[in-house]
Amino acid sequence: MKRRLLSPTRLSFPFAAAVAAILAGLSVPKVTAATLYWDANDGEAGFGDATGTWAAPTPGSTVGGWTTDRTGVTVVDGNSVTTTTADVLNFGHAALGLGAGFIAVNTVDAGDLNFASSSGAIELAGGAINLAAVSTITANNPGNIAHTISCVLGGAGTSLTKNGTGTIILNTANLYTGPTNINGGTNSANFNVITTSGGFNLTGSGTLASTGFTLANGGTLTLSNNTGEGAVDRLANTAGITSRGGTIAFNNIPGPDFFGETVGSVALASGQLNVVEPSDQFGGGSQTLILGGLTRPGASNTAAVTFSAAGGLNAGTNIIGILGSTATPAGQIVGPWATTGTAAAVQTDYAVFNDEGQVVPAAMEPSGEATWLVPTAAYTRNSGTTATRLTATRNITALRSLNTPFGVTINPADDVITATHTLQAGDPVAFSANNLGGIPGGLALFTSYFVVNPTESTFQVSATPGGAPINITSAGSAPTITPGILVPAGMNLGTLGILSGTGGAGQQVIAGPGAVTLPTATSGNLHVTVGSNTFGGATPNSPVVISAPITDNGAGVLTLVKNGSGVLALRGTNTFSGGIVVNGGNLIWVTDANLGAANVPVTINASTGLAGNTNIGAVTSNRPFILNEGVIATFASGGSGSNTMSGPVQGSGGIALFHGNAGSATANLNSTANTFTGPIRYQGTNVGLTLNMNSVADAPGAGNITFGHLFGGAQTMTFNIGAGATAPVTLNHRRIELGVGPQVLQTISNASTQLLTINTDLLDNSPALAANGSPLVKTLTLGGVGNGVFAGNIRQGADTIRITKAGTGTWTLSGNNTYTGQTVVSAGVLALTGGSTASPVSISAGAALQFTIGSPVTSSSSFDLNVGSIRISGTPTAASHTLITASSEIIGTPVLAAPIPGYELRVEGTSLKLVNPSINTYASWIAGFPSVGALTGFSDDPDNDGLKNGVENFFGTAPDRSNPGIVPGAATGNTFTFTHPQNAAPGSDVAAAYRWSKDLTTFNDSGVTDAAGTTVTLTAQPNTPVAGTTTVTATVTGTATPRLFLDLKVTLSGM
3 MKRRLLSPTR
13 LSFPFAAAVA
23 AILAGLSVPK
33 VTAATLYWDA
43 NDGEAGFGDA
53 TGTWAAPTPG
63 STVGGWTTDR
73 TGVTVVDGNS
83 VTTTTADVLN
93 FGHAALGLGA
103 GFIAVNTVDA
113 GDLNFASSSG
123 AIELAGGAIN
133 LAAVSTITAN
143 NPGNIAHTIS
153 CVLGGAGTSL
163 TKNGTGTIIL
173 NTANLYTGPT
183 NINGGTNSAN
193 FNVITTSGGF
203 NLTGSGTLAS
213 TGFTLANGGT
223 LTLSNNTGEG
233 AVDRLANTAG
243 ITSRGGTIAF
253 NNIPGPDFFG
263 ETVGSVALAS
273 GQLNVVEPSD
283 QFGGGSQTLI
293 LGGLTRPGAS
303 NTAAVTFSAA
313 GGLNAGTNII
323 GILGSTATPA
333 GQIVGPWATT
343 GTAAAVQTDY
353 AVFNDEGQVV
363 PAAMEPSGEA
373 TWLVPTAAYT
383 RNSGTTATRL
393 TATRNITALR
403 SLNTPFGVTI
413 NPADDVITAT
423 HTLQAGDPVA
433 FSANNLGGIP
443 GGLALFTSYF
453 VVNPTESTFQ
463 VSATPGGAPI
473 NITSAGSAPT
483 ITPGILVPAG
493 MNLGTLGILS
503 GTGGAGQQVI
513 AGPGAVTLPT
523 ATSGNLHVTV
533 GSNTFGGATP
543 NSPVVISAPI
553 TDNGAGVLTL
563 VKNGSGVLAL
573 RGTNTFSGGI
583 VVNGGNLIWV
593 TDANLGAANV
603 PVTINASTGL
613 AGNTNIGAVT
623 SNRPFILNEG
633 VIATFASGGS
643 GSNTMSGPVQ
653 GSGGIALFHG
663 NAGSATANLN
673 STANTFTGPI
683 RYQGTNVGLT
693 LNMNSVADAP
703 GAGNITFGHL
713 FGGAQTMTFN
723 IGAGATAPVT
733 LNHRRIELGV
743 GPQVLQTISN
753 ASTQLLTINT
763 DLLDNSPALA
773 ANGSPLVKTL
783 TLGGVGNGVF
793 AGNIRQGADT
803 IRITKAGTGT
813 WTLSGNNTYT
823 GQTVVSAGVL
833 ALTGGSTASP
843 VSISAGAALQ
853 FTIGSPVTSS
863 SSFDLNVGSI
873 RISGTPTAAS
883 HTLITASSEI
893 IGTPVLAAPI
903 PGYELRVEGT
913 SLKLVNPSIN
923 TYASWIAGFP
933 SVGALTGFSD
943 DPDNDGLKNG
953 VENFFGTAPD
963 RSNPGIVPGA
973 ATGNTFTFTH
983 PQNAAPGSDV
993 AAAYRWSKDL
1003 TTFNDSGVTD
1013 AAGTTVTLTA
1023 QPNTPVAGTT
1033 TVTATVTGTA
1043 TPRLFLDLKV
1053 TLSGM
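Just so we're aligned, residue 3 is where the sequence shown starts under our numbering, counting upward by one.
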């Protein structure tokens, strides 16, 4: 039998690394249709602060240039990039922002411009940017940061779209002539939806020559003027504006100056457009914004418009006019869809046109219901201390209510309410307080009650007319009461509009048993405008509570349209069949019957709070919800409760879960046909938030699933695929995102029999420190009885991420994961398939780690296998299959969860292997490393580390990964030691021997005495000083020698 001899092992410089080092300094020419990032700190991680010059070409320098590396590490110094109209150009990326600063611009081309949400205020100045035929500018910064483009935007026929929640300021005369689409976004921060306007701000000498504009929900077009800029014509007068929501703001510095602007005709397509003059002129100055026209195309149009000025609209100083309009007849209004106020969120009256075509408040005096006789007229009521009782059916155009709450004193001992009043038995009332927790015990917000047992100075309330008095358990905090409108049995309140027009507190209540309906049997819209709203420490201002049934009028189908920023609470059993359209504010209901006829949809055109109430508890609905224009629908709760939606959620918008108090809240989206593609967000403080979904849509551009959006406390947040899922859920576009809130516990769970697969990378925007200044550690739990796969990369940001496997199901991690917090398998099975990890991994009793034959895991950390068990996926065939290759220790004695005949687990150094001693040959061993390709020979060296495959087998090291080999020790007297890794079970056909030489020509075996009388004995001590390491001692006796060389000879039988 012949053995094959390997040459002595030696270290060599890895050739691949040398090539990489050489190539790193080369200039790489830019290709078209590139995605580029502005990098201002050459060669360092991140992008630095905005600085440098963008030219054609841009010579990369240490102070600024373009790179294709979104981490900002790759050097740009010395490269040369000429941007094209096909390129996507980024100023920052995700959580890695470009700091605030100034970038000089020459004459350049660009496709899309993206400003990351984490970037500072950036200004592009000088020169011109020639845009593509279709270009997009996206900015997602918070409201206090705006980006400025002070260079000319050009491009014949360019169609420019502004996306995102951030603001872009344009202060140069721009030359592109195509349409402009402003699609701002909104962020729902709490139940009172906070809108961060996204859009264009034209200031300085900024103008647009665009042929038309489209404003979508949240999009803002701001025309700003300072002193001396009153003559700047910022928009072409013929450029039409189509509104699907959004804002047009004419923002002028207050004072004695005169400002005027005429824009094109405005078409209200859908949603609520806000036209506002945010400042108040004084000292003889004035501001005039003229719309070239105002239309509402389509017979069933549900759009609305608000007209506002900080000091109120008038005919002298704060003016908004409509070309072509004529004076509104006395007693009438422009329409129930047009209101006025002091801000978009504070609407107090209906709009009318004066003789000059200017928009002014209707200012109709309050009147008693007996005077509500003209169907084409609008009326005003003032609640005072008396309820309004219809004495006959009233069919009118609109009703404005001025709600004046009055204080009451409550004695919980006898449920008696004391107040100066003129209330009668059966009158409807509603309660408010000076804070959300101040409502008397036993009573609730957004609820109508009925007076019982009234006396001159006292009364009680019941849940139904003539019912038993409610047991009031506490006096509350400065409670107030507002009398409402009673529609008696057999009567109707027929109207096209209801406006709660009080800027102060107080609820407008409309109670039955009579119905609210349309004034005629012609199908139409009932616009309910809730003019203002405040949440937080105070109760909501001027909500509308309708407990009377809302019905169609015979063949006249009623569509309920909710406008304004406030709360509409539906409490009746409603049968209207035209559906609900929400153009603004918040919508509350308890049961599906509150939302009208079965299965008709709720369409949401503005970011909205849904079913938020401290006392609601369980909320249900069975109909479709359609989220348009990228809106965010917030499922809000102030107490422990649930919101269950069995109908599909559809559209381009997203959802958010919010909880403002201690406790927990759950939203159940039970449909198996959800198709909405907007983001899924969790936000709140000190709460538990759970979202159960039986289906999740995923498509290019779909929003992320964000734990801790905007803010958060010590929260527990769960995203769960419900048990009712009927199809696998695969996320190829949505990303799991850890938001800016300091929440520490987030869970992805699968309660179904379907597979949940996440193919996208984790996005970590977490801060480095918690509120108390300690390092922030977040735990992501993968749980449920079902199975899941996280194939994307799990990478932590400034914080530390831990992974916990919970539940009885199996979760698989297969990405290149760099998080460094601990991975704990506390229950079920965690499968590690290929990929890599930087996390120390441990297993709890009863849990298991799973590995796949042929897909070993690389780890830069450690494994604790003292408890738990190991599962194997696949069928082993080779003598040895590597499961883990770690750079740190593997401790414990691993145990197979189920025996595999002939195989056992072995820890060899820092590797875990599944081996079959009975077929332990070199050939079976090398077959366990498919990554070496064709380099399977005994003397091949596929990893170029100087250790041939045969030596790697003897050492027990991986042939596809560089290893140090022999480590020299110390010489003491006549002895010398060295160490090397040791395979506990090298191939049965592999043999090794230690040799010595004086001249590297003649080698002697251990114990041989040469002609000079020198004897060297080589003694091996396996597992010394630690398991998996052998220490070899060379002892010289006889004639001393000035030089000694030692080597290791490894041979293969049959070679």
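The C-beta atom is built at its ideal place from N, Cα and C for all residues, glycine as well.
Can you tell me the Cβ-Cβ gap for residue i and residue j, rounded? I've got them flagged as a contact below 8 Å.
i: Thr519; j: Leu560; result: 6 Å
i: Thr382; j: Met366; result: 5 Å
i: Tyr178; j: Ser212; result: 7 Å
i: Thr732; j: Thr759; result: 5 Å
i: Ser245; j: Leu275; result: 4 Å
Pull up the DSSP beta-bridge partners for residue i, would you.
i: Pro485; result: Val431
i: Leu693; result: Ala669 and Phe721
i: Tyr684; result: Leu659 and Phe709
i: Arg246; result: Ala218
i: Ser327; result: DSSP output for Ser327 lists no bridge partner at all.
i: Gly274; result: Before going further, note that residue 274 is Gln rather than Gly in the sequence given. Looking at the DSSP assignment, Gln274 forms a beta bridge with Ala306.
i: Ser861; result: Thr839 and Ala888
i: Tyr451; result: Val431
i: Met366; result: Paired residues: none, contrary to the question.
i: Met647; result: Ser623 and Leu671
i: Ser82; result: Pro61
Run the CB neighbour count on residue i, radius 10 Å, all protein chains shown included, and call it buried at 16 or more, exposed below.
i: Thr34; result: Because the pLDDT of Thr34 is 44, which lies under 50, any placement of that residue in the model is unreliable, and the number read from its coordinates should be weighed accordingly. Exposed.
i: Leu1048; result: buried
i: Ser199; result: Note on Ser199: pLDDT 37, under 50, position unreliable in the model; no value is reported.
i: Arg1045; result: exposed
i: Ser226; result: buried
i: Val354; result: buried
i: Pro521; result: buried
i: Leu501; result: buried
i: Gly614; result: Summary for Gly614: the model assigns pLDDT 49, below 50, so the residue's position carries little reliability; its value from the coordinates is reported in the next sentence. Gly614 is buried by the Cβ-count criterion.
i: Asp429; result: buried
i: Leu375; result: exposed
i: Thr1053; result: buried
i: Asn473; result: exposed
i: Glu739; result: buried
i: Phe792; result: buried
i: Asp810; result: Note on residue identity: the sequence assigns Thr, not Asp, to residue 810. With fewer than 16 Cβ atoms within 10 Å of its Cβ, Thr810 is classed as exposed.
i: Val1028; result: exposed
i: Thr814; result: buried
i: Ala840; result: buried
Measuring CB to CB, does residue i end up less than 8 Å from residue j?
i: Thr806; j: Thr781; result: yes
i: Ala135; j: Thr160; result: yes
i: Thr330; j: Val336; result: yes
i: Asn116; j: Asn92; result: yes
i: Leu38; j: Asp89; result: yes
i: Gln824; j: Arg804; result: yes
i: Ala432; j: Thr449; result: yes
i: Leu495; j: Arg391; result: no
i: Asn527; j: Thr304; result: yes
i: Leu898; j: Gly870; result: no
i: Ile874; j: Leu916; result: yes
Within 7 Å: the Cβ of residue i and any heavy atom of the ligand FMN?
i: Thr668; result: For the ligand FMN, the structure offers nothing, since it holds no ligand at all.
> Is there contact here, the region 291-311 with the region 461-469, by at least three beta-carbon pairs under 8 Å?
Replying inline: no
>> With three or more beta-carbon pairs closer than 8 Å as the criterion, would you say the region 364-378 touches the region 583-600?
In response: no
> Hey, is the region 989-1004 in contact with the region 941-956, meaning 3+ C-beta pairs nearer than 8 Å?
Replying inline: yes
> Counting pairs of Cβ atoms below 8 Å between the region 879-888 and the region 906-913, do you hit three or more?
Replying inline: yes
>> Assess contact between the region 410-430 and the region 477-488, defined as three or more Cβ pairs (one per stretch) separated by less than 8 Å. Is contact present?
In response: yes
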